[in-house]
Amino acid sequence: MKNISDGMQEHHKGCDEQFAIAEDAAGRGDWAACEAAFSRFREALERHFDTEENVLFPAFEQRSGMFGGPTQVMRMEHTQIRSMIAQMEAAVKARDADAFCGAADTQLVLMQQHNMKEENILYPMCDQTLGTDAALLEEIERSLGAAA
Amino acid sequence: MAAALSFEQAPPISVPLRFLLTAPLFGIVFGVFLLWQGPELVETRGGFPALAATHLVTLGFMLQAMCGALLQVSPVSTGANVWRPRLVAWVAHTGISAGALALTAGLAAERLGWLRLAVPVLVASMAFYAVVVLAALLRTSARGATIAALRLAVGALAVTVALGAAAAGAFAWSWPLPVAQLAPVHAAWAVFGWGLTLVAGVSYLVVPMFQLTPAYPAAFSFWLPRVVIGAVIAWSVAHMTEAGAGVRSMLGLVLLACGAVFASVTLRLQRRRRRKLTDATFSFFRIAMISMLAAVAAGVVLPWAEGGLRVRIELVLGILLLIGFFVSVINGMLYRIVPFVLWLHLQKRMPIAPNMNQLVPGARASAQSRLHLAALACLACAPAWPPLIYPGGALFAASCAMLEWNLAQALRVCVRLSAAARGSAP
Numbered sequence: 011m012k013n014i015s016d017g018m019q020e021h022h023k024g025c026d027e028q029f030a031i032a033e034d035a036a037g038r039g040d041w042a043a044c045e046a047a048f049s050r051f052r053e054a055l056e057r058h059f060d061t062e063e064n065v066l067f068p069a070f071e072q073r074s075g076m077f078g079g080p081t082q083v084m085r086m087e088h089t090q091i092r093s094m095i096a097q098m099e100a101a102v103k104a105r106d107a108d109a110f111c112g113a114a115d116t117q118l119v120l121m122q123q124h125n126m127k128e129e130n131i132l133y134p135m136c137d138q139t140l141g142t143d144a145a146l147l148e149e150i151e152r153s154l155g156a157a158a
Numbered sequence: 002m003a004a005a006l007s008f009e010q011a012p013p014i015s016v017p018l019r020f021l022l023t024a025p026l027f028g029i030v031f032g033v034f035l036l037w038q039g040p041e042l043v044e045t046r047g048g049f050p051a052l053a054a055t056h057l058v059t060l061g062f063m064l065q066a067m068c069g070a071l072l073q074v075s076p077v078s079t080g081a082n083v084w085r086p087r088l089v090a091w092v093a094h095t096g097i098s099a100g101a102l103a104l105t106a107g108l109a110a111e112r113l114g115w116l117r118l119a120v121p122v123l124v125a126s127m128a129f130y131a132v133v134v135l136a137a138l139l140r141t142s143a144r145g146a147t148i149a150a151l152r153l154a155v156g157a158l159a160v161t162v163a164l165g166a167a168a169a170g171a172f173a174w175s176w177p178l179p180v181a182q183l184a185p186v187h188a189a190w191a192v193f194g195w196g197l198t199l200v201a202g203v204s205y206l207v208v209p210m211f212q213l214t215p216a217y218p219a220a221f222s223f224w225l226p227r228v229v230i231g232a233v234i235a236w237s238v239a240h241m242t243e244a245g246a247g248v249r250s251m252l253g254l255v256l257l258a259c260g261a262v263f264a265s266v267t268l269r270l271q272r273r274r275r276r277k278l279t280d281a282t283f284s285f286f287r288i289a290m291i292s293m294l295a296a297v298a299a300g301v302v303l304p305w306a307e308g309g310l311r312v313r314i315e316l317v318l319g320i321l322l323l324i325g326f327f328v329s330v331i332n333g334m335l336y337r338i339v340p341f342v343l344w345l346h347l348q349k350r351m352p353i354a355p356n357m358n359q360l361v362p363g364a365r366a367s368a369q370s371r372l373h374l375a376a377l378a379c380l381a382c383a384p385a386w387p388p389l390i391y392p393g394g395a396l397f398a399a400s401c402a403m404l405e406w407n408l409a410q411a412l413r414v415c416v417r418l419s420a421a422a423r424g425s426a427p
């Protein structure tokens, strides 16, 4: 992991991949594949949020002195995304393709606009503020990698 | 830096919605206007009624929706928080709506009084909008291809308005200006400088986002808006100085080539999408990109056409660009922005808000996309057989009415649920 932006963006893509597989499987009615991909998606996303909330954001807040700004908004959006995850999970359990695809469609826009803010604005700010703090990069990598 | 990146983000819901729900109404008026004018409109291309029809779409539908969408997209995606968004929205929305009506009424009825009203209203409101939005885009420390494209697009909007005002002023107040040169230069800044650059900048964000495609190639994203603006400037200079026809044709082809490359790259990315499920927005983007390629094909044969055939091909080119490319892209974007904004609003007020697909059912959006495609097919063929303007106008009005209905129904659900949530709040 060269810097924070690269590592975190790469992890976003991994989450997207599992999301797409789960959505496609639900559309085809292949619930076994959907459940497996959804479970990988949820775990990867949870690991990503944990890394941000417990490692990256606190480090950024400490170094920049910005406690109530971007990171606070990102935490709030994590809550919204988790709520949509719960709706998707309920739809998987009920084998309800319409409910799953409906929730997934909204989740996609919610998640992607969230990622866009992080990738275009917050992560570059983190790179700038935290630089190439090797210990921090290693901790982020370890925290994200535990999802694999 | 902290202030510009406060992430206050999404503006109040009324800011984008007033534009996005007004745009289809102008689309309905455009369709009805075509029915009223009939085949004569196609046969007298370049006359005042044709200019009125063009501005119903470009100002009433396109500029309206683009200005509203930009107020939503720029703070959310680039951290460019616009100063007093409610005021900016009020001024721009009122200015575009009143200005578009006055301008098109003035052109259609050849009434100078209406033109004299429209020009200052449009210039003042758009200058205010462009200055405030450009300031926000320049203040943000976000970097990347989108922010650069949006800055160039808003700068081009200011040039477009100035050129349009000069051309309109030449009619309204008999200003001694070369209208024959100004009008096509104004159109080039509007369609390519503002329109294509804005669509490209927003597509860099939303095409990968909606269908999980790979990102646009970095060098392409960087250069496209710069080449477009450079080519528009060169084309303008060539027209204003009455350079040789060969030079003007070549620069025109460079502009069209930019459109062709953008459409080809977008279609290629969509073919490589990871998200397999498709929706109305995806279909609208495909219609738009294919229309752009068809418009470019028309543009390529144009230098060899003469007389009446040349006029007809120019008209096909214009219809494919405006109705085929821009209206389609905007229509697709409306189906993502409006339900998402409403969902965001609702989920803050109730435990489980209806999702986007429940607010605007996919089947209804898809049905409307088919109406739009049928309207486009008729209108693009109308220059060859003018009576097609009747089904084309009727289908376009129906398509825009259905679009308005789909969006307004979602708003109605949102208002009802918000009121119920307020009523049940402790």
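Taken in order, these protein sequences are the chains called A and B. The first sequence begins at 11 in the working numbering and counts up by one. The second sequence begins at 2 in the working numbering and counts up by one. All C-beta atoms, glycine included, are put in the ideal place defined by N, C-alpha and C. From a predicted model like this one, the values you see are computed outputs, not experimental measurements.
Practice task
For residue 145(A), return the contacting residues in chain B, with the cut-off set at a CB-CB distance below 9 Å.
Solution key: The residue given as residue 145(A) occupies position 135 in the first sequence. Below the 9 Å Cβ cutoff, chain B contributes no neighbours of residue 145(A), its closest Cβ being approximately 25 Å away.
Practice task
Look up residue 356(B) in the DSSP assignment and say whether it is helix, strand or coil.
Solution key: Residue 356(B) sits at position 355 when you count from the first residue of the second sequence. Residue 356(B) sits in coil when the DSSP states are folded into three classes, being neither helix nor strand.
Problem - chain A residues whose Cβ lies nearer than 8 Å to that of residue 143(B) - result: Taking the second sequence and counting its residues from 1, the one referred to as residue 143(B) is at position 142. In chain order: 130, 131 and 134.
Problem - Stretch-stretch touch, CB-based, cutoff 8 Å, three pairs: the stretch 109-119 of chain B with the stretch 144-157 of chain A - result: no
Exercise for the section: Find the residues of chain A that neighbour residue 348(B), judging by a C-beta separation of less than 7 Å, and give them in chain order. Expected result: Within the second sequence, residue 348(B) is the residue found at index 347, counting from 1. Against chain A, the beta carbon of residue 348(B) has neighbours under 7 Å at 90, listed in chain order.
Exercise for the section: Report yes if the C-beta distance between residue 116(B) and residue 169(B) is below 8 Å; otherwise report no. Expected result: Here residue 116(B) corresponds to residue number 115 of the second sequence, with the count starting at 1. Here residue 169(B) corresponds to residue number 168 of the second sequence, with the count starting at 1. Yes, the pair counts as a contact, with Cβ atoms nearer than the cut-off.
Exercise for the section: Quick one: residues in its chain with C-beta nearer than 6 Å to the C-beta of residue 18(A), no 5 flanking neighbours on either side, listed in chain order? Expected result: If you number the first sequence from 1, residue 18(A) lands on position 8. The residues are 133.
Practice task
Could you tell me how far apart the beta carbons of residue 274(B) and residue 214(B) are, in whole angstroms, since I believe they sit closer than 8 Å?
Solution key: Here residue 274(B) is taken as the residue at index 273 of the second sequence, counted from 1. Here residue 214(B) is taken as the residue at index 213 of the second sequence, counted from 1. Going by Cβ atoms, the distance from residue 274(B) to residue 214(B) rounds to 5 Å, so yes, they are a contact pair.
Exercise for the section: Mind checking which residues open and close the alpha helix (DSSP H) that includes residue 17(A)? Expected result: Working through the first sequence from its first residue, we reach residue 17(A) at position 7. Note, residue 17(A): alpha helix (DSSP H), 14-38.
Exercise for the section: Find the residues of chain A that neighbour residue 77(B), judging by a C-beta separation of less than 8 Å, and give them in chain order. Expected result: Residue 77(B) sits at position 76 when you count from the first residue of the second sequence. Those are 123, 126 and 127, listed as they occur along chain A.
Practice task
Could you have a look at residue 127(A) and say whether DSSP puts it in helix, strand or coil?
Solution key: Here residue 127(A) refers to the residue found at position 117 of the first sequence. DSSP places residue 127(A) in helix when its eight states are reduced to three.
Handout entry: Partners in chain A for residue 313(B), counting only beta-carbon separations shorter than 9 Å
Key = Position 312 of the second sequence, counted from the first residue, corresponds to residue 313(B). Residues of chain A passing the Cβ test: none, with the nearest at roughly 41 Å.
Exercise for the section: Determine which residues of the stretch 403-427 of chain B have a Cβ less than 9 Å from any Cβ of chain A, and write them out in chain order. Expected result: none
Problem - Assigned exposure category for residue 75(A) - 16 Cβ within 10 Å defines buried - result: Looking up residue 75(A) in the first sequence gives position 65. Classification of residue 75(A): exposed, given that the 10 Å Cβ count is below 16.
Practice task
My understanding is that residue 119(A) touches residue 31(B), with C-beta atoms under 8 Å, so please give their C-beta distance in whole angstroms.
Solution key: Here residue 119(A) refers to the residue found at position 109 of the first sequence. Here residue 31(B) refers to the residue found at position 30 of the second sequence. Wrong, their Cβ atoms sit about 29 Å apart, outside the cutoff.
Practice task
Let me know the secondary structure DSSP gives residue 227(B) once reduced to three states.
Solution key: Locating residue 227(B) in the second sequence gives position 226, counting from the first residue. The answer is helix: DSSP assigns residue 227(B) an H, G or I state.
Exercise for the section: Check residue 174(B) in the structure and name its three-state DSSP category. Expected result: As a working note, residue 174(B) is residue 173 in the second sequence. In the structure shown, residue 174(B) sits in coil (DSSP, three-state: anything other than H, G, I, E or B).
Handout entry: Pair within 8 Å by beta-carbon distance, residue 128(B) and residue 159(B)
Key = Taking the second sequence and counting its residues from 1, the one referred to as residue 128(B) is at position 127. Taking the second sequence and counting its residues from 1, the one referred to as residue 159(B) is at position 158. Yes, these two residues count as a Cβ contact at 8 Å.
Exercise for the section: Kindly say whether residue 97(A), judged by its beta-carbon, lies nearer than 8 Å to any beta-carbon of chain B. Expected result: As a working note, residue 97(A) is residue 87 in the first sequence. For residue 97(A), the closest Cβ of chain B is nearer than 8 Å.
Problem - Partner residues on chain B for residue 111(A), Cβ-Cβ distance less than 9 Å - result: If you number the first sequence from 1, residue 111(A) lands on position 101. 278, 358 and 363, listed in chain order.
Handout entry: Proximal residues of chain B, C-beta to C-beta of residue 27(A) below 7 Å
Key = Looking up residue 27(A) in the first sequence gives position 17. 275, listed in chain order.
Handout entry: Distance between residue 321(B) and residue 34(A) (C-alpha atoms, nearest Å)
Key = For the purposes of this step, residue 34(A) is taken as residue 24 along the first sequence, with counting starting at 1. For the purposes of this step, residue 321(B) is taken as residue 320 along the second sequence, with counting starting at 1. Roughly 33 Å between the two C-alpha positions.
Problem - Option nearest residue 58(B) by Cα separation, candidates 155(B), 196(B) and 186(B) - result: Position 57 of the second sequence, counted from the start, is the residue given in the question as residue 58(B). The candidate whose alpha carbon is nearest that of residue 58(B) is 196(B).
Handout entry: Interface partners of residue 139(A) on chain B, CB under 8 Å
Key = What you label residue 139(A) is simply residue 129 of the first sequence in a count that begins at 1. Ordered by position in chain B, no residue passes the 8 Å Cβ test against residue 139(A), which lies about 10 Å from the chain.
Practice task
Pull up the distance between the alpha-carbon of residue 1(B) and that of residue 149(A), whole angstroms please.
Solution key: Absent from the model: residue 1(B). The displayed extent of chain B is 2 to 427, so no value can be given.
Exercise for the section: Could you spell out the range, first to last residue, of the alpha helix (DSSP H) harbouring residue 17(B)? Expected result: Counting from one through the second sequence, the residue named residue 17(B) turns up at place 16. Where residue 17(B) is concerned, the enclosing alpha helix (DSSP H) stretches over 15-38.
Problem - Cutoff 8 Å: residue 116(A) Cβ touching any chain B Cβ - result: For the purposes of this step, residue 116(A) is taken as residue 106 along the first sequence, with counting starting at 1. Answer yes: the Cβ-Cβ gap between residue 116(A) and chain B drops below 8 Å somewhere.
Exercise for the section: Just the C-alpha distance for residue 5(B) and residue 206(B), rounded to the nearest angstrom, thanks. Expected result: One-based indexing of the second sequence puts residue 5(B) at position 4. One-based indexing of the second sequence puts residue 206(B) at position 205. Caution is warranted here: a pLDDT of 36 is assigned to residue 5(B), below 50, making its placement in the model unreliable, and the coordinate value is therefore given only provisionally. About 20 Å.
Problem - Proximal residues of chain B, C-beta to C-beta of residue 37(A) below 9 Å - result: The sequence position of residue 37(A) within the first sequence is 27, counting from 1. Per Cβ cutoff of 9 Å: 277 and 278.
Exercise for the section: Assign residue 82(B) to one of three DSSP states: helix, strand, or coil. Expected result: Within the second sequence, the letter at position 81 stands for residue 82(B). It is coil, neither helix nor strand.
Practice task
Could you check what DSSP says for residue 213(B) in three-state terms: helix, strand or coil?
Solution key: Your numbering for residue 213(B) matches position 212 in the second sequence. Here residue 213(B) sits in coil by DSSP.
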